[in-house]
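Residue numbers (full-length UniProt numbering): 1 to 80.
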Amino acid sequence: MIPLAQLAPGQRATIVGTVHHATSAVATRLQQLGFRSAASITAIRRAPLGDPTIYRVQDTELCLRRREARLIEVVPVAQG
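Spelled out as structure tokens, the structure:
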């Protein structure tokens, strides 16, 4: 399990949940945006300075800053 912020562009993962120190308001908002447990996610691309990153969750592309992406735990999917 790794933080979403560590996912490299092009890499896929499955969302496990949010970290324990995420506030309930932030965790709720991330879930409303589609960052839910068991959802499939792909890192699409990073901004030139490395922040923010665009992610594809299900069929939607969303942009998250590194500080929010660190609150989401994922399990990388083996590429093959």
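From the three backbone atoms N, C-alpha and C, an ideal C-beta is built for every residue, glycine too.
Range covered by the alpha helix (DSSP H) that runs through residue i
i, result
"alanine 47", "Element bounds for alanine 47: n/a, residue is neither H nor E."
Per DSSP, cross-strand counterpart(s) of residue i
i, result
"threonine 18", "Ile72"
"alanine 13", "Ile41 and Pro76"
"valine 57", "Ile41 and Thr60"
C-beta contact flag for residue i and residue j at 7 angstroms
i, j, result
"valine 19", "alanine 39", "no"
"arginine 12", "valine 75", "no"
"alanine 27", "arginine 66", "no"
"alanine 43", "leucine 7", "yes"
Cβ distance (whole Å) where residue i is taken to contact residue j below 8 angstroms
i, j, result
"arginine 70", "proline 3", "5 angstroms"
"cysteine 63", "isoleucine 54", "5 angstroms"
"glutamate 61", "leucine 30", "With 8 angstroms as the limit, glutamate 61 and leucine 30 do not qualify as a contact, their Cβ atoms being about 15 angstroms apart."
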